[in-house]
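So the structure is just underneath, and the comments pick up after that.
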Amino acid sequence: MSQTTGTVKTQAVSIRDTIDAPIAALSSRIGGSKSKEVERFIKFAIVGSIGAVIDAGTLFILQATVLPPTLRDPDMNVAVAQTVAFVAAILSNFTWNRLWTYPDSRSRSVRHQMALFVLISVIGWVGRTIWITFAHQPLGEYLMPAVLPLIHLLRPGYVASATAAAKLGTMTAWLVGVAVVMVWNFIANRLWTYNDIE
Numbered sequence: 048m049s050q051t052t053g054t055v056k057t058q059a060v061s062i063r064d065t066i067d068a069p070i071a072a073l074s075s076r077i078g079g080s081k082s083k084e085v086e087r088f089i090k091f092a093i094v095g096s097i098g099a100v101i102d103a104g105t106l107f108i109l110q111a112t113v114l115p116p117t118l119r120d121p122d123m124n125v126a127v128a129q130t131v132a133f134v135a136a137i138l139s140n141f142t143w144n145r146l147w148t149y150p151d152s153r154s155r156s157v158r159h160q161m162a163l164f165v166l167i168s169v170i171g172w173v174g175r176t177i178w179i180t181f182a183h184q185p186l187g188e189y190l191m192p193a194v195l196p197l198i199h200l201l202r203p204g205y206v207a208s209a210t211a212a213a214k215l216g217t218m219t220a221w222l223v224g225v226a227v228v229m230v231w232n233f234i235a236n237r238l239w240t241y242n243d244i245e
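Position 46 (the sequence shown) corresponds to 93 in our numbering; numbering is contiguous.
Spelled out as structure tokens, the structure:
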């Protein structure tokens, strides 16, 4: 697929792989007249899941090494760690969504789409950061007593510290934040970043 923009002719680059056929079949089965939009949502969710693994892995590694929770309120280590993780996920998600989820969206330059994608992501990041920064400690304190018996199955005699509870709370708040931000990102990006496709 090629497209002429002004005097520059661009070639759309898309990635097709073995997972596209089952996604298209499932989408047409459950999506009816909206099957293309369902296909895009499934691909967006797959890309988002990969981004979530990058996000969670980066956050976990940072908290285990250079940015452990400080137990202060607000905890800036938690805010910085989750921000670095979020940026790593955004870079991955933008690249794969442009190439795989929305390969036919090329009427805008990559810079323009990236700027919109980042703006939408930053709005989600602000909400997520506020949520995680203030909810992680209460969540950790609430959940640790419920999780402790499971931990004792693997590590008898384990004594949970306030830092361990804060890490548990961070990951729990992160999970809730990811779910909410994924819905926001899909709707907002479909309406603004990739609104040049049918």
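C-beta: ideal position from N, C-alpha, C; glycine also.
What you are looking at is a predicted structure, and each value in this text was computed from that prediction instead of being measured.
First through last residue of the alpha helix (DSSP H) which encompasses residue i
{"i": "W221", "result": "209-235"}
{"i": "W172", "result": "157-201"}
{"i": "R87", "result": "82-111"}
{"i": "P69", "result": "67-78"}
{"i": "T130", "result": "123-143"}
Sequence-distant residues of its chain with Cβ nearer than 7 Å to residue i (five each side left out)
{"i": "S139", "result": "I97, G98, I101"}
{"i": "V227", "result": "none"}
{"i": "G171", "result": "V228, W231, N232"}
{"i": "T176", "result": "A126, Q129, T130"}
{"i": "F164", "result": "F141, N236, T240"}
{"i": "R155", "result": "D243"}
Distance between residue j and residue i (C-alpha atoms, nearest Å)
{"i": "A213", "j": "A207", "result": "10 Å"}
{"i": "I234", "j": "R202", "result": "43 Å"}
{"i": "W143", "j": "M161", "result": "12 Å"}
{"i": "P115", "j": "T180", "result": "13 Å"}
{"i": "I89", "j": "I70", "result": "7 Å"}
{"i": "M123", "j": "Q110", "result": "12 Å"}
{"i": "S75", "j": "D67", "result": "12 Å"}
{"i": "V169", "j": "R119", "result": "24 Å"}
Neighbour-count burial assignment, residue i, 16 or more Cβ in a 10 Å radius
{"i": "W147", "result": "buried"}
{"i": "E86", "result": "buried"}
{"i": "Y189", "result": "exposed"}
{"i": "G79", "result": "exposed"}
Assumed close pair residue i, residue j - CB separation to whole angstroms, cut-off 8 Å
{"i": "L186", "j": "T219", "result": "5 Å"}
Neighbourhood of residue i by C-beta, 8 Å cutoff - its chain only, sequence neighbours within 5 removed
{"i": "Y205", "result": "L195, I198, H199"}
Same chain, Cβ closer than 6 Å to residue i, neighbours up to 5 away in sequence not counted
{"i": "T105", "result": "A132, A135"}
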